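Data block below; observations after.
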Amino acid sequence: MPADFTLLTKAFAGELYFDDSVLHRTVRIAYSTDASVYQEMPLAVAIPQHADDIRQLIAFARRSGLTLVPRTAGTSLAGQVVSHGIIVDVSKHLNGILELNKEEKWIRVQPGVIRDDLNAWLKPHGLLFAPETSTSSRAMIGGMIGNNSCGLHSMIWGNTRNNLLEVTTLLADGSDAVFGPIDLETARQKKKNPGLEGHIYNDLLSLVENKANQATIAQGFPKPSVTRRNSGYALDHLVHQLDAGALNLAGLVAGSEGTLCVVTEAKLKLIDLPPREVGVVAVHFLSMAEALQANGMIVRMGCSASELVDHVILEQAMNNAEQAHNRFFLVDAPKAILLVEFFDETVAGLQAKCTGLIEKLRGAGLGYAYPLLTGSETKSAWDLRKAGLGLLRNLKGDVQPVNLIEDCAVAVDDLPHYIADLEALLQLHNTPYSMYAHAGDGELHVEPMVNLKTEAGRQLFKTLLAETTGLVKKYNGSLSGEHGDGRLRGNFIPAIMGEAVYELFKQVKWIFDAEGVFNVGKITATPDMLDDLRYSGEGSKPQRVDPLFDFSGEESMLRLTEKCSGSGDCRKTHITGGTMCPSYMATRNETDTTRARANVLRQYLNTDPAEFGAGQDAETVKEVLDLCLACKGCLTECPSSVDISKLRAEFLHHYHAHHGVPRRTRLIGNFSRQMKLASRLAPLYNFFVAMPFLRKQFNSIVGFHPDRSLPAVAGQTLRRWHAKRRRPADNGNTRIGLTANGNPPGRAAKTVYLFCDEFTNYNDVETGKKTILLLERLGYAVLIPEHGDSGRSLLSKGLLEEARACAQQNVDALYGVISAETPLIGIEPSAILSFRDEYKVLLRGEAQQKAQDLSKHVFLFEEWFHNEVLKGHIDATAFTTDRRRIILHGHCHQKALSDIGVANAILGLPKNFTVHTLATGCCGMAGAFGYEKEHY
954 MPADFTLLTK AFAGELYFDD SVLHRTVRIA YSTDASVYQE MPLAVAIPQH
1004 ADDIRQLIAF ARRSGLTLVP RTAGTSLAGQ VVSHGIIVDV SKHLNGILEL
1054 NKEEKWIRVQ PGVIRDDLNA WLKPHGLLFA PETSTSSRAM IGGMIGNNSC
1104 GLHSMIWGNT RNNLLEVTTL LADGSDAVFG PIDLETARQK KKNPGLEGHI
1154 YNDLLSLVEN KANQATIAQG FPKPSVTRRN SGYALDHLVH QLDAGALNLA
1204 GLVAGSEGTL CVVTEAKLKL IDLPPREVGV VAVHFLSMAE ALQANGMIVR
1254 MGCSASELVD HVILEQAMNN AEQAHNRFFL VDAPKAILLV EFFDETVAGL
1304 QAKCTGLIEK LRGAGLGYAY PLLTGSETKS AWDLRKAGLG LLRNLKGDVQ
1354 PVNLIEDCAV AVDDLPHYIA DLEALLQLHN TPYSMYAHAG DGELHVEPMV
1404 NLKTEAGRQL FKTLLAETTG LVKKYNGSLS GEHGDGRLRG NFIPAIMGEA
1454 VYELFKQVKW IFDAEGVFNV GKITATPDML DDLRYSGEGS KPQRVDPLFD
1504 FSGEESMLRL TEKCSGSGDC RKTHITGGTM CPSYMATRNE TDTTRARANV
1554 LRQYLNTDPA EFGAGQDAET VKEVLDLCLA CKGCLTECPS SVDISKLRAE
1604 FLHHYHAHHG VPRRTRLIGN FSRQMKLASR LAPLYNFFVA MPFLRKQFNS
1654 IVGFHPDRSL PAVAGQTLRR WHAKRRRPAD NGNTRIGLTA NGNPPGRAAK
1704 TVYLFCDEFT NYNDVETGKK TILLLERLGY AVLIPEHGDS GRSLLSKGLL
1754 EEARACAQQN VDALYGVISA ETPLIGIEPS AILSFRDEYK VLLRGEAQQK
1804 AQDLSKHVFL FEEWFHNEVL KGHIDATAFT TDRRRIILHG HCHQKALSDI
1854 GVANAILGLP KNFTVHTLAT GCCGMAGAFG YEKEHY
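Position one of the sequence shown corresponds to residue 954 (our numbering), numbered consecutively onward.
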């Protein structure tokens, strides 16, 4: 019988999604993937509010014969949280920091606490939770325990297991159990406890105290010098504890991938903050072999990290706006770099360590460049390293990097030989690859590039893992170092660790969870590794779309969605900072991430409805796109540059074609027409919008929230003011130092064209006036050319035919007028930046080429101003010496398509001005989003 979820909803305090309604189906699709190559529609998604909700889920799963899958950020690379069962997302509500003991250096938290957010909270206390995954900005404690996460500093700080003191859990019968450090005598007493906890201690102790089993474990597990070992269950860890007369089953829960119990609280070991002085030597190499040879020398010099980045990732970083800046330290074109980090209490001590490394490498003839990065420069280098997985998704075509052998680990001394063997294996199969990450720990994330859309590619996928397993066994390494087995590598555990060890793992699963309540099919009893891949192969019928935008730069709409690696960079909080994704920051719902939007749209594009924008599945796409603000943060901050704003506008265009354009959408899209009419009746219109009763009535009629104010209009448009005014003579302000005609002495006026966007022309006229007056006082002649509206409001609502007409009109009007000598500058970022973004992909043929040429000479006001400062045409002497403190909230398009640092720089140009740039995302009010009643 199918499970009756309505029985569960009566007492369940959290959220449940289980049927085929649009909202429920959208949520289930969003949770059908993680950061792996797998995809499977869950039966339901549960978002519990507290531990009692989870207890109810356990009871329901037992009655219904279902399996529960604990999930936090969903960044698993081996399919750990992809399942046909019930996904239990604890990230939204179980995210409290419960107790801190500064003296004993521990903290108790719930599983949904984000690692970086936790450390931001701990920093004022001088403490740190050490394990640092590359996903630390969104990785949560529960997921880190499940995968026994390590990260780039595990050389000195260890893995999650090493920093886990105790876990509070719910067992498969719904009972509570606390697993923490106890002596063996206490452990043996616990065998007598009634219920499942007593059964666990009884059977588990019998298993690990058996001498024959201990010999099997010693023979099957990696050799001791392999520090990263995360395959199967950590029975070797338990045996080592027994030898010391102790037992802590929290160490077994770590790395168990949610297959044994659900963690509801964790007690974590903390360390003091590292020394303040940090330096990273970026050692450049001409070959991978040279880099790995040097790595062995480097790890013996007391560094805190030695991380590798290969040339493939370095080249891909050039295609990402954010990461392109982080390449600043590169010298020429290295085949590989090692980022080697040192800590010290003093600058002199740090310099000595870094210089000592450089001298030793030079003496050994290893490396050719050794830039030393300090301060904020180190963050840029680590951000580049951490973006590796996402950057690789920017490769063209269906041959893409796959998570497969990326987690194999060997001893550091074996790494050069293992990688040489692995490269030979990959070359034998004519398979390109990239490699990066934890050289200092003997683990490189090797990403072979395979076409999983073909049968041949899928068979190669399986063959590469099988043959690599043989190589890892040759070096007595670990099939998984930190990413886990999941459903990807579980098939190969018997081959690398032996059938006897695998039988012990099955016993562990049975001891904890005989009924299969928790995450069945991971580690043990896994399905075939080729089951439930994201791509269904040659038999699929990807939708044929005739888009308005030109997607040739991304190959197609489908390929743009497929670039999403699932790495979850979009799951940011206000503590992490950044722009992407503002609606997720507000709701903490997975469906409001860039990842979910890309995945739902990808799955829709891989179906075959009659027409794009039609059908029931189109409603799920519309639902998941509803809270996209089109802020464009994903264009820059997503390492794969999955531009959801562009995809959203394209989808809405097709959706409107089938369902009609709603009245409110038409009204917003034609904002400039409404403002043009309002400006002719400015006093009457402004009186109307200032009257609360009248405004609320109007808002209710058109679908705006009653409490939203409406924009007033100026009594005179900026164009009219500029056309009617006479140029003022010099008013005698010697601080500006202009001649009588308004120009600096000895220099003729330089002409600039101001784009008079519709928002500045009708609503923010004073800003436009101040811009023109400032430019004239600085000696520039300001012209407002004939042009049309920017089309921004049309773009925001998916009215692409009308937006294309605006683009065509503006390109026709300005091409041949705008040049390097006479640039076009704009004030409103979303309007002027359309020239550099949408116009280039809305138009076709000759018009598209003209748009691309024109875009090279179009600037935000601050960009143009900054360039003039760099050329020496403007300097601080032109401005007041009064003291001012400026607080800057950047526009989201300004951050995504330009650089907020430029605005910061020009505002700080006057001698006594200081600028504080707020760490804010998108406010949600610049466009129509914040007016619409459902988004209030």
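C-beta: ideal position from N, C-alpha, C; glycine also. Here the structure is a predicted model, which is why all the values come from computation and not from measurement.
Residue i vs residue j beta-carbon contact at 7 Å
i            : j            : result
residue 1602 : residue 1751 : yes
residue 1035 : residue 991  : yes
residue 1105 : residue 1258 : yes
residue 1624 : residue 1746 : yes
residue 1731 : residue 1827 : yes
residue 1892 : residue 1593 : The requested residue 1892 does not occur in the structure, where the chain is confined to residues 954 to 1889.
residue 1065 : residue 1025 : yes
residue 1758 : residue 1795 : no
residue 1403 : residue 1414 : yes
residue 1778 : residue 1812 : yes
residue 1324 : residue 1235 : yes
residue 1886 : residue 1658 : yes
residue 986  : residue 1519 : yes
First through last residue of the alpha helix (DSSP H) which encompasses residue i
i            : result
residue 1300 : 1300 to 1316
residue 1884 : Neither: residue 1884 is in no alpha helix (DSSP H) and is coded neither H nor E.
residue 1278 : 1274 to 1278
residue 1557 : 1547 to 1558
residue 1535 : 1535 to 1540
residue 1374 : 1368 to 1381
residue 1263 : Run containing residue 1263: none in the alpha helix (DSSP H); it sits in the beta strand (DSSP E), 1258 to 1263.
residue 1271 : From DSSP, residue 1271 is part of no alpha helix (DSSP H); its letter is neither H nor E.
residue 1675 : 1671 to 1677
Where residue i falls, given that 16 or more other Cβ within 10 Å makes a residue buried
i            : result
residue 1240 : exposed
residue 1318 : exposed
residue 1551 : buried
residue 1889 : exposed
residue 1006 : buried
residue 1406 : buried
residue 1756 : buried
residue 1845 : buried
residue 1216 : buried
residue 1838 : exposed
residue 1471 : buried
residue 1436 : buried
residue 1116 : buried
residue 1073 : exposed
residue 1688 : Per-residue confidence for residue 1688 stands at a pLDDT of 38, beneath the threshold of 50, marking its modelled position as unreliable; the derived number appears in the next sentence. Residue 1688 is exposed by the Cβ-count criterion.
residue 1078 : exposed
residue 1465 : buried
residue 1445 : buried
Element boundaries [beta strand (DSSP E), containing residue i]
i            : result
residue 1838 : 1837 to 1841
residue 982  : Here residue 982 belongs to no beta strand (DSSP E); instead the alpha helix (DSSP H) covers 975 to 983.
residue 1614 : Element bounds for residue 1614: n/a, residue is neither H nor E.
residue 1870 : 1866 to 1870
residue 1386 : 1386 to 1390
residue 1564 : Unbroken run through residue 1564: none, as it is neither H nor E.
residue 991  : Looking at the DSSP string, residue 991 is not in any beta strand (DSSP E), and its letter there is neither H nor E.
In DSSP terms, what residue i is bridged to
i            : result
residue 1104 : 1085
residue 1297 : 1230
residue 969  : 999
residue 1061 : 1052 and 1220
residue 1831 : Answer is none; residue 1831 lacks a bridge partner.
residue 1657 : 1885
residue 1120 : 1132 and 1219
residue 1067 : 1093
Any non-hydrogen atom of the ligand HEM within 6 Å of residue i CB
i           : result
residue 997 : As far as ligands go, the structure on display features none, and thus does not contain the ligand HEM.
4 or more residues per run - each alpha helix (DSSP H) lying fully within the segment 1466 to 1533
Whole alpha helix (DSSP H) segments, 4+ residues: 1510 to 1515.
What are the complete beta strand (DSSP E) segments, minimum 3 residues, inside the segment 1004 to 1043?
Note on the segment 1004 to 1043: whole beta strand (DSSP E) runs with a minimum of 3 residues are 1021 to 1024 and 1039 to 1042, in chain order.
Would you list, in sequence order, the uninterrupted alpha helix (DSSP H) runs of no fewer than 4 residues that lie entirely inside the segment 1778 to 1814?
At a cut-off of 4 residues, the continuous stretches assigned as alpha helix (DSSP H) that sit fully inside the segment 1778 to 1814 are 1782 to 1785, 1792 to 1795 and 1798 to 1808.
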